[in-house]
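Student:
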Amino acid sequence: MYKTLILSLALLFICIFSDGQSPKWKDTYTSSISADSLKQHVYTLASDSLKGRSTGTEGEHKAARYIVQHFEKYGIKPLNNTTYYQNIGLWSWQWGDFQFSAHNKALKPYQDIVYLSSAPTEKTIKTRCQFIGNGADSIISELNLKGKVAVALVDNLRSWYKIANRAKNNGAIALIITHNASTDAFPLLARQVKTQQSTAQISSRQPYFSQQMTRSFAINQKACEALFEQSVEELIKLNTAKAIKKLPKPEFSFNCPLIVEQANANNIAGYLPGKTKSNESIVISAHYDHIGERYNGICVGADDNASGTAAVLELARILAPLKGKLHKNIVFLATTGEEKGLLGAFYFAANMHKYPFDIKANVNIDMIGRIDSTHKSNYIYTIGNNHYPEFDSLLHVANSMGDSLHIQYDYNKSQGFGNFLRLSDHYAFHRQGIPVLGFFSGLHPDYHQPTDTPDKINYDLMTQRVKLIFTTTYLASQKTAFVPQTD
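For the sequence shown, the numbering used here gives the first residue as -12, with consecutive numbering after it.
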């Protein structure tokens, strides 16, 4: 009966508009959807100054303030009538100031040395170093490593776990590695590690760090040679424990503090009141966070997901004049933490009972600005249709009421990691049994790369997609949409 009712509604709309004439409300509002407005939002949200909008960072906070300013401008009411900000209760941790020294001389982080482990230190640790050659068992087993820092020459600065375990099993409290040949290996590693360690990490739980792991460091060749007062070439030749024991055992100290605190990570949510008091509501969502800065540049996330956020802002502007005229409230939701595992959407869905909204459906917008390799133009992927045929019916009615797009279902068929129903915020609502419809323009080579820039967005096609999303949402907001029929 549920499906029958919605199909009947769809047929009703088809009959009404079968003469090809769009209803007045559609012409009035969709004609106001502006490519220039969408472009302005995308360029602002995907500017370098926002540093990729990583969850809980100042760049994301700037994006949040931008969204709030526009909600206020359009007359969208705060979700709880007090604030648009919904803190989602995350924890963050970030490295403090590293302190390293050898021979009582400071080593500069990322220039001379980098910390490779994840566990912090609670205080400065000072001990002696013991050279262990290439870290072979035959050498380590004959050396006294108890309480010392083992120093090894390796041919891969990213492959140190086995040597660290061998050293730990023989009493070492830490490991230092140096590349045995390349002088370029350390600077490359240091740039990548610095980018990772300069960004706060986010979790839904307070982090725990084991103090039992062997802490590991990488140093450049010059610093290694200063430790033992020999060149790397000479150190390579020391391949027996007997020869190694003649080397000095220099003093090394380190302190790697970590700052752990509750994160300032917020969903931004507001609503447009409907004309009834039933509290039935449609949620239009898009995540506004992205992945931040990487070693190869700032990932500004123009398509992912400045495009979806821009669409939410434009829909808020266009729908605002309909305050008190729609049969359902419209909730506008810009989520954080999507790139960390849909954290903001899950939080919102889990806390819906705290707000006076009876959520009947979710329209989610994630990456709608590009053309993928399989298309030329005039298409949109939709996700969730196979689970909610009533939503699919409304979508096709909406699509018949204007310049039609080719509705593509490819991502509804994806399985495993490619199951896109699970890979964006609509999944949080789907898990609650709420009908969802996701809009998506497909993957491209710039996905999660610094090259996902605003100039590559197709703003005319994006505008056409937003018009379809508007019309679909309008139909979904009608009195009879998503209301089960009773006998």
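Heads up, the beta-carbon is just placed ideally off N, CA and C, and yes, glycines get one too.
L130 and I119 look like a contact to me (Cβ under 8 Å); what is the Cβ gap, rounded to whole Å?
Tutor: By a beta-carbon distance limit of 8 Å, L130 contacts I119. Their separation comes to about 6 Å.
Student: Under 8 Å Cβ to Cβ from T186, same chain only, skipping five residues before and after it: list those, please.
Tutor: S41, T44, Q81, G279, E280
Student: Taking only three categories from DSSP, how would you classify V180?
Tutor: helix
Student: Measuring CB atoms only, is the region 300 to 317 touching the region 447 to 466, in the sense that at least three cross pairs come out at less than 8 Å?
Tutor: The region 300 to 317 and the region 447 to 466 touch, with no fewer than 3 CB-CB distances between them shorter than 8 Å.
Student: Taking Q199 as the reference, give the member of G389, I269, S104, P343 with the closest Cα.
Tutor: Per the Cα distances, S104.
Student: Pick helix, strand or coil for N497, following the three-state DSSP scheme.
Tutor: Residue 497 lies beyond the stretch modelled for the chain, which goes from -12 to 474, so this question has no answer here.
Student: Just the Cα atoms here: how many angstroms apart are R409 and E248?
Tutor: 29 Å
Student: Less than 8 Å between the beta carbons of Y61 and T182, yes or no?
Tutor: no
Student: Locate the alpha helix (DSSP H) running through V219, then write down its first and last residues.
Tutor: 219 to 223
Student: DSSP three-state call for C286: helix, strand or coil?
Tutor: coil
Student: Considering just the uninterrupted stretch of the beta strand (DSSP E) at N386, what are its terminal residues?
Tutor: Run containing N386: none in the beta strand (DSSP E); it sits in the alpha helix (DSSP H), 376 to 387.
Student: For A337, does the count of other Cβ atoms within 10 angstroms reach 16, so buried, or fall short, so exposed?
Tutor: exposed
Student: According to DSSP, is Q27 part of a helix, a strand, or is it coil?
Tutor: helix
Student: Per DSSP, Q73 is paired with what?
Tutor: N254
Student: Taking three-plus beta-carbon pairs below 8 Å as touching, is the region 203 to 223 in contact with the region 168 to 184?
Tutor: yes
Student: Let's see if you can read the secondary structure: which residues bound the beta strand (DSSP E) around D345?
Tutor: Taken as a continuous stretch (DSSP letters only), the beta strand (DSSP E) holding D345 covers 345 to 352.
Student: Determine which residues share a DSSP beta bridge with S79 and list them.
Tutor: I189, E248
Student: Under 8 Å by Cβ, that's how I've got L381 and T459 pegged, so tell me the actual separation to the nearest angstrom.
Tutor: 6 Å
Student: Restricting to Cα atoms, I'd like to know which of S387, S203, T361, I285 is closest to D397.
Tutor: The residue with the shortest Cα to Cα distance from D397 is T361.
Student: Is it buried or exposed, Y195, if we count other Cβ atoms within 10 angstroms and call 16 or more buried?
Tutor: exposed
Student: Pick from I352, K363, A348: whose alpha carbon is nearest that of P376?
Tutor: A348
Student: In terms of residues, what are the limits of the beta strand (DSSP E) holding A137?
Tutor: 136 to 141
Student: What does DSSP give as the partner residues of F204 in its beta bridges?
Tutor: Y102, I163
Student: Under 8 Å by Cβ, that's how I've got Y258 and F319 pegged, so tell me the actual separation to the nearest angstrom.
Tutor: 7 Å
Student: Straight-line CA distance for E221 to A168?
Tutor: Cα to Cα, E221 sits roughly 12 Å from A168.
Student: Compute the Euclidean distance between the alpha carbons of S464 and I269, then round it to the nearest angstrom.
Tutor: 7 Å
Student: Once DSSP output is grouped into helix, strand and coil, what is the label at C2?
Tutor: Low confidence applies to C2: its pLDDT is 42, below 50, so where it sits in the model is not reliable, and the reading given next is rough at best. Helix, per DSSP.
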